[in-house]
Amino acid sequence: MAESWNNIIFDDPTSGHSMLPQVVQVMQCIYTTVHPEHPPPFTVDCWWHSLSLSYQVEESGREPSVVILNLREGESDYPNMDTHFMINLNTMRVHDKFQDHRFPVPQEILSVLGQLREYVRSIVRGRWEKEEVRKRETARHLEQAREEQRNRVQTFCRWLVEKGLIIDNDASHFSSDSLHCPVCSAKQTSCNMCRVISCSNSDCKVSSIIPIVHCSNHQTRKFCTSCLERPGSLPRLGRCPTCAYWFCSTELQWCIGRPVYNDGPELSSPNTDLTRLHSARPLPCQSIACKDNSRESGKNGRRCSNTHCWSRVGTATCPDCITQDSFACPCGKYWTCGCGSQASSTSGILTCPGCHRRFCPSCAYIGVCELCEHVEPCRDCIRNGKSVEGEHTMFQCQSCRGLLCETCTDIDEKFCCRCDQSICKLCAHEEDDSDYPDIVCDKCREDMACGDYYF
Numbered sequence: 001m002a003e004s005w006n007n008i009i010f011d012d013p014t015s016g017h018s019m020l021p022q023v024v025q026v027m028q029c030i031y032t033t034v035h036p037e038h039p040p041p042f043t044v045d046c047w048w049h050s051l052s053l054s055y056q057v058e059e060s061g062r063e064p065s066v067v068i069l070n071l072r073e074g075e076s077d078y079p080n081m082d083t084h085f086m087i088n089l090n091t092m093r094v095h096d097k098f099q100d101h102r103f104p105v106p107q108e109i110l111s112v113l114g115q116l117r118e119y120v121r122s123i124v125r126g127r128w129e130k131e132e133v134r135k136r137e138t139a140r141h142l143e144q145a146r147e148e149q150r151n152r153v154q155t156f157c158r159w160l161v162e163k164g165l166i167i168d169n170d171a172s173h174f175s176s177d178s179l180h181c182p183v184c185s186a187k188q189t190s191c192n193m194c195r196v197i198s199c200s201n202s203d204c205k206v207s208s209i210i211p212i213v214h215c216s217n218h219q220t221r222k223f224c225t226s227c228l229e230r231p232g233s234l235p236r237l238g239r240c241p242t243c244a245y246w247f248c249s250t251e252l253q254w255c256i257g258r259p260v261y262n263d264g265p266e267l268s269s270p271n272t273d274l275t276r277l278h279s280a281r282p283l284p285c286q287s288i289a290c291k292d293n294s295r296e297s298g299k300n301g302r303r304c305s306n307t308h309c310w311s312r313v314g315t316a317t318c319p320d321c322i323t324q325d326s327f328a329c330p331c332g333k334y335w336t337c338g339c340g341s342q343a344s345s346t347s348g349i350l351t352c353p354g355c356h357r358r359f360c361p362s363c364a365y366i367g368v369c370e371l372c373e374h375v376e377p378c379r380d381c382i383r384n385g386k387s388v389e390g391e392h393t394m395f396q397c398q399s400c401r402g403l404l405c406e407t408c409t410d411i412d413e414k415f416c417c418r419c420d421q422s423i424c425k426l427c428a429h430e431e432d433d434s435d436y437p438d439i440v441c442d443k444c445r446e447d448m449a450c451g452d453y454y455f
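One point on numbering: in the working numbering, the residue at position 307 of the sequence shown is 307, and numbering is uninterrupted.
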């Protein structure tokens with residue numbers, strides 16, 4: 001395989017390259033020598049006079065084997081460069097390729113060409129030295145890793161002797177460089193964190209005594225059971241309670257365990273050190289079979305709608321952590337796990353004054369006045385004509401669709417001065433300070449602000 005050429009191009013007079021003055025000096029000398037009647041080129045450029053230092057490196061990579069300075073010329077009306085002169089910096093001879101003529105380099109540029117050759121040599125030598133440093137560092141790290149592996153294997157063997165799985169004689173003859181289990185000869189495996197060694201064969205006694213588990217989707221993520229737990233955060237891996245496969249913690253939903261208190265409210269800051277009903281527990285994985293199975297068995301976790309729920313620092317609530325105070329709104333869109341008081345004054349839960357059923361704050365089955373917060377009977381009570389003491393008629397604004405009881409609704413009905421739509425005091429806006437101000441609804445007010453309303 002032929003050696004490849006490396007090139008340093010000089011075609012920009014503003015480049016500031018340290019060798020630019022030397023190559024220009026050589027170019028001017030050669031052109032003056034060959035054509036003394038013509039003025040030499042003033043400098044390099046990308047159209048007419050482009051120079052390049054080309055070199056090959058010897059097999060050892062330590063020195064350049066050949067260095068050539070090429071003087072190239074552009075062709076008229078054609079964007080192409082042809083090499084006119086080749087100067088061999090090893091033999092110090094010039095080859096005029098246009099005339100196929102060879103001659104020694106002029107004496108006055110010998111020292112300059114020597115500088116160019118030394119410059120290329122310094123580049124090659126610098127790369128070689130840098131590569132040697134890299135090789136030494138790589139070798140040092142590899143040897144360090146081998147030594148650490150040997151020490152871990154020796155510790156592993158001593159541990160197996162203590163457990164009675166092998167005898168001293170077997171341990172003394174077992175190679176510290178071996179990557180196999182001394183009990184069953186299967187491949188060793190190790191924890192990504194503490195690097196403790198075990199056996200990859202699940203049927204081997206070693207793997208049951210030093211259990212190391214790995215993610216089913218990421219085989220290289222392996223941890224011993226003592227390294228799975230992380231203080232203050234979810235375990236690194238979790239085992240699906242349905243299919244028994246292990247997954248990375250981010251691939252599962254978790255329940256962190258409902259806080260247990262002797263007295264006082266159950267809501268708490270996630271940073272408080274609490275006693276919990278259980279430690280962090282993985283919920284079924286996202287496979288269709290496991291989700292269906294957990295749904296049928298009632299063991300699937302649920303997301304609590306209470307934004308202050310303790311489960312918000314985890315991901316969900318498991319069946320064991322759901323209390324008898326759990327609440328599901330008839331609309332089916334709101335559920336709480338019983339994490340706190342469900343009194344309407346503290347949680348926003350609405351209680352029907354007729355049937356006393358509870359509804360979520362945004363439920364369409366029941367209405368509440370947006371000014372005085374008076375709750376009207378639910379749909380079922382209204383449909384059944386159930387009479388409620390202190391019941392108020394509720395009105396819905398045509399514009400904002402907000403609800404107001406008859407007490408909070410003005411006696412005189414208001415209309416938008418622009419669209420003539422009936423509006424309530426929630427969305428009515430007075431447009432000036434006169435005795436008879438114009439009333440504008442929310443929609444027309446937005447259109448006016450955007451400049452989209454035209455008369």
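Ideal Cβ placement from N, Cα and C applies to all residues, glycine included.
Let's test the definition: count the other Cβ atoms within 10 Å of the Cβ of residue i and tell me whether it reaches 16, buried, or not, exposed.
{"i": "residue 289", "result": "exposed"}
{"i": "residue 260", "result": "exposed"}
{"i": "residue 331", "result": "exposed"}
{"i": "residue 324", "result": "exposed"}
{"i": "residue 358", "result": "buried"}
{"i": "residue 310", "result": "buried"}
{"i": "residue 210", "result": "buried"}
{"i": "residue 94", "result": "buried"}
{"i": "residue 384", "result": "exposed"}
{"i": "residue 158", "result": "exposed"}
Provide the residue span of the alpha helix (DSSP H) that contains residue i, from first to last.
{"i": "residue 138", "result": "110-162"}
{"i": "residue 29", "result": "20-34"}
{"i": "residue 228", "result": "225-228"}
{"i": "residue 382", "result": "379-383"}
{"i": "residue 172", "result": "168-173"}
Taking only the alpha-carbon atoms, compute the straight-line gap between residue i and residue j and give it to the nearest angstrom.
{"i": "residue 334", "j": "residue 360", "result": "6 Å"}
{"i": "residue 327", "j": "residue 151", "result": "58 Å"}
{"i": "residue 132", "j": "residue 39", "result": "48 Å"}
{"i": "residue 4", "j": "residue 56", "result": "6 Å"}
{"i": "residue 293", "j": "residue 166", "result": "43 Å"}
{"i": "residue 227", "j": "residue 124", "result": "48 Å"}
{"i": "residue 75", "j": "residue 83", "result": "11 Å"}
{"i": "residue 118", "j": "residue 112", "result": "10 Å"}
{"i": "residue 169", "j": "residue 175", "result": "12 Å"}
{"i": "residue 146", "j": "residue 199", "result": "19 Å"}
{"i": "residue 462", "j": "residue 129", "result": "For the chain, the structure presents residues 1 to 455; residue 462 sits outside this window and is missing."}
{"i": "residue 29", "j": "residue 126", "result": "30 Å"}
{"i": "residue 80", "j": "residue 71", "result": "13 Å"}
{"i": "residue 206", "j": "residue 305", "result": "46 Å"}
{"i": "residue 97", "j": "residue 114", "result": "22 Å"}
{"i": "residue 13", "j": "residue 250", "result": "57 Å"}
{"i": "residue 247", "j": "residue 234", "result": "12 Å"}
{"i": "residue 47", "j": "residue 137", "result": "46 Å"}
{"i": "residue 10", "j": "residue 67", "result": "15 Å"}
{"i": "residue 339", "j": "residue 363", "result": "20 Å"}
{"i": "residue 163", "j": "residue 291", "result": "41 Å"}
{"i": "residue 52", "j": "residue 108", "result": "20 Å"}
{"i": "residue 296", "j": "residue 242", "result": "12 Å"}
Kindly indicate the opening and closing residues of the beta strand (DSSP E) around residue i.
{"i": "residue 206", "result": "Residue 206 -> not in any beta strand (DSSP E); alpha helix (DSSP H) instead, spanning 205-209."}
{"i": "residue 96", "result": "93-96"}
{"i": "residue 10", "result": "6-10"}
{"i": "residue 53", "result": "49-57"}
{"i": "residue 188", "result": "188-190"}
{"i": "residue 373", "result": "Per DSSP, residue 373 belongs to no beta strand (DSSP E) and is neither H nor E."}
{"i": "residue 356", "result": "No beta strand (DSSP E) contains residue 356, which DSSP labels as neither H nor E."}
(message) Under 8 Å, with one C-beta from each stretch per pair, do the segment 18-36 and the segment 54-65 reach the 3-pair mark?
(response) no
(request) Give a yes or no on contact between the segment 347-355 and the segment 373-380, applying the rule of three or more CB pairs nearer than 8 Å. (result) yes
(request) At 3 residues or longer, and completely inside the segment 237-314: list those beta strand (DSSP E) runs for me, N to C. (result) 237-239, 246-248
(message) For the structure I just gave you, are there three or more beta carbon pairs, one from the segment 83-92 and one from the segment 35-48, closer than 8 Å?
(response) no
(message) With a threshold of 8 Å, are at least 3 pairs of Cβ atoms found where one atom belongs to the segment 217-236 and the other to the segment 186-198?
(response) yes
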